[in-house]
Amino acid sequence: MTALSTTAEPATTKAPATAWLPLALRALLLIVLLTFLIAPMLFEPILKPLVQENAPAIYNQGSLFTLTLLHLRLVAIATTAAILVAVTLAVLVTRPFGAEFLPLSRSLVNVGQTFPPVAVLALSVPALGFGEKPTLVALFLYGLLPIFENTLTALTTLPPAVMDAARGAGMTDRQRLFRVELPLAAPVILAGIRLSVTVSLATATIGSTVAARTLGEVIIAGLQSNNLAFILQGGLIVGALAVLIYDGLSALERRLRRRTGR
Numbered sequence: 004m005t006a007l008s009t010t011a012e013p014a015t016t017k018a019p020a021t022a023w024l025p026l027a028l029r030a031l032l033l034i035v036l037l038t039f040l041i042a043p044m045l046f047e048p049i050l051k052p053l054v055q056e057n058a059p060a061i062y063n064q065g066s067l068f069t070l071t072l073l074h075l076r077l078v079a080i081a082t083t084a085a086i087l088v089a090v091t092l093a094v095l096v097t098r099p100f101g102a103e104f105l106p107l108s109r110s111l112v113n114v115g116q117t118f119p120p121v122a123v124l125a126l127s128v129p130a131l132g133f134g135e136k137p138t139l140v141a142l143f144l145y146g147l148l149p150i151f152e153n154t155l156t157a158l159t160t161l162p163p164a165v166m167d168a169a170r171g172a173g174m175t176d177r178q179r180l181f182r183v184e185l186p187l188a189a190p191v192i193l194a195g196i197r198l199s200v201t202v203s204l205a206t207a208t209i210g211s212t213v214a215a216r217t218l219g220e221v222i223i224a225g226l227q228s229n230n231l232a233f234i235l236q237g238g239l240i241v242g243a244l245a246v247l248i249y250d251g252l253s254a255l256e257r258r259l260r261r262r263t264g265r
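Quick note, in our numbering, the sequence shown goes up one by one and the last residue is 265.
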């Protein structure tokens with residue numbers, strides 16, 4: 004009886020033929036979005052069937068491009084402040100001297116999720132007046148929780164072997180934090196930031212109810228005039244921004260995970 008021998012061939016991993024498709028779709032979405040913001044009148048024939056006779060199909064009470072930049076600026080400021088506060092709190096409560104403040108920190112960052120953004124706006128306007136400030140407060144509070152929890156999880160689940168090696172190398176607590184802990188925790192922290200930014204992009208639209216310059220102006224104008232095209236424009240721009248920023252941060256997160264192995 005002759006034994007049959009088989010030679011194992013090395014497995015080759017080939018990228019699917021359609022691997023380029025998601026990137027192409029994102030590029031197309033970005034091009035369409037920029038075209039619409041810079042030259043919205045090109046899309047008037049598409050939106051015209053959605054409005055009543057003689058009603059404008061393209062938002063005509065301001066520049067869509069300017070409103071988009073102001074909307075993004077508002078989200079960027081609020082998210083930056085949330086990152087600074089949430090990451091700092093998470094670092095403090097993962098140190099031996101700050102561990103007892105973990106329940107208090109969790110209670111503080113949960114405030115934004117406990118109160119709806121509309122309620123935060125209503126409480127902030129009497130103290131801060133109308134405009135961007137109440138909206139910044141609402142977005143800041145709403146963005147704290149995912150960043151804090153992800154940072155906390157990342158810092159408390161670091162590989163023990165790596166931490167022991169850092170201590171064995173004679174690193175100080177400060178050196179371990181900035182050279183080892185935060186770089187290793189970066190992908191998980193970024194996942195929390197991604198969630199916070201995505202939620203803030205949508206939530207920022209309500210800022211227009213207290214006179215903040217956001218894309219909510221377009222949606223409110225559409226509701227007031229029963230103009231479906233205005234509502235669609237505001238909603239689609241915010242949605243497109245959320246998809247593009249989410250995908251961009253996801254790509255950065257994947258790159259960081261490959262570098263850190265987490």
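Backbone N, C-alpha and C fix where the C-beta goes; we use that ideal spot for every residue, glycine too. Here the structure is a predicted model, which is why all the values come from computation and not from measurement.
Short of 7 angstroms in beta carbon distance, which residues of its chain neighbour residue i, apart from the five on each side in sequence? Order them along the chain.
i: L247; result: R29, L32 and L33
i: L193; result: L252, L255, E256 and L259
i: E184; result: L158 and L161
i: G195; result: P149, I150, E152, N153 and T154
For residue i, which residues from the same chain have a beta carbon less than 6 angstroms from its beta carbon, with the 5 sequence-adjacent residues on both sides left out?
i: A60; result: E47, L50, K51, V54 and A232
i: I234; result: I222 and G225
i: A214; result: F133 and G134
i: A169; result: R179 and V183
i: S127; result: P137 and V140
Taking all protein chains shown into account, do 16 or more other C-beta atoms lie within 10 angstroms of the C-beta of residue i, making it buried, or fewer, making it exposed?
i: G171; result: exposed
i: S211; result: buried
i: Q178; result: exposed
i: P25; result: exposed
i: N266; result: This structure gives no information on residue 266, because the portion of the chain shown stretches from 4 to 265.
i: A89; result: buried
i: I209; result: buried
i: R216; result: buried
i: V114; result: exposed
i: V96; result: buried
i: T15; result: Only weak support is given to the placement of T15: the predicted model assigns it a pLDDT of 46, under 50, and the value that follows is read from those uncertain coordinates. Under this definition T15 is an exposed residue.
i: V112; result: buried
i: T206; result: buried
i: P120; result: buried
i: P190; result: buried
i: L107; result: exposed
i: L124; result: buried
i: L45; result: exposed
i: W23; result: exposed
Considering Cα atoms alone, identify which of the options is closest to residue i.
i: G251; options: V200, T21 and L40; result: V200
i: L87; options: T217, I150, L187 and L36; result: I150
i: L239; options: L92, A84, E256 and L218; result: L218
i: F68; options: L255, V121, L105 and Q236; result: Q236
i: G101; options: L155, P119, S66 and Q64; result: L155
i: T82; options: T208, G173 and V140; result: V140
i: A93; options: I80, A214 and S110; result: S110
i: N57; options: Y249, W23 and S228; result: S228
i: V221; options: A27, R262, Y62 and G132; result: Y62
i: R262; options: G195, L187 and A243; result: L187
i: V241; options: A27, W23, T21 and L36; result: L36
i: A84; options: V121, F181 and K136; result: K136
i: G65; options: P43, T91 and A125; result: P43
i: A99; options: V123, W23 and D176; result: The amino acid at residue 99 is misidentified as Ala; the sequence shows Pro. Ranking V123, W23 and D176 by Cα distance to P99 puts D176 first.
i: L105; options: T117, T91 and Q116; result: T91
Kindly indicate the opening and closing residues of the alpha helix (DSSP H) around residue i.
i: I80; result: L67 to V96
i: E47; result: E47 to L50
i: V35; result: L24 to I41
i: T117; result: V114 to T117
i: P59; result: Run containing P59: none; DSSP gives neither H nor E here.
i: P99; result: Unbroken run through P99: none, as it is neither H nor E.
i: L53; result: Where L53 is concerned, there is no enclosing alpha helix (DSSP H), given that its DSSP letter is neither H nor E.
Quick one: residues in its chain with C-beta nearer than 8 angstroms to the C-beta of residue i, no 5 flanking neighbours on either side, listed in chain order?
i: S203; result: V78, A81, T82, L142, Y145 and G146
i: Y249; result: R197, V200 and T201
i: T71; result: L40, L218, I240 and L244
With hydrogens ignored, establish whether the beta-carbon of residue i is closer than 7 angstroms to any heavy atom of the ligand ATP.
i: A122; result: Judged by which ligands are present, the structure shown has none, so any question about the ligand ATP falls away.
Within 8 angstroms (strictly less), CB to CB, does residue i reach chain C?
i: L53; result: Within the model displayed, chain C is absent; a lone protein chain is all it includes.
Within the region 155-240, note down every full alpha helix (DSSP H) run reaching 4 residues or more, in order along the chain.
Restricting attention to alpha helix (DSSP H) runs no shorter than 4 residues, the region 155-240 encloses them at 163-171, 176-179, 185-206 and 219-228, ordered along the chain.
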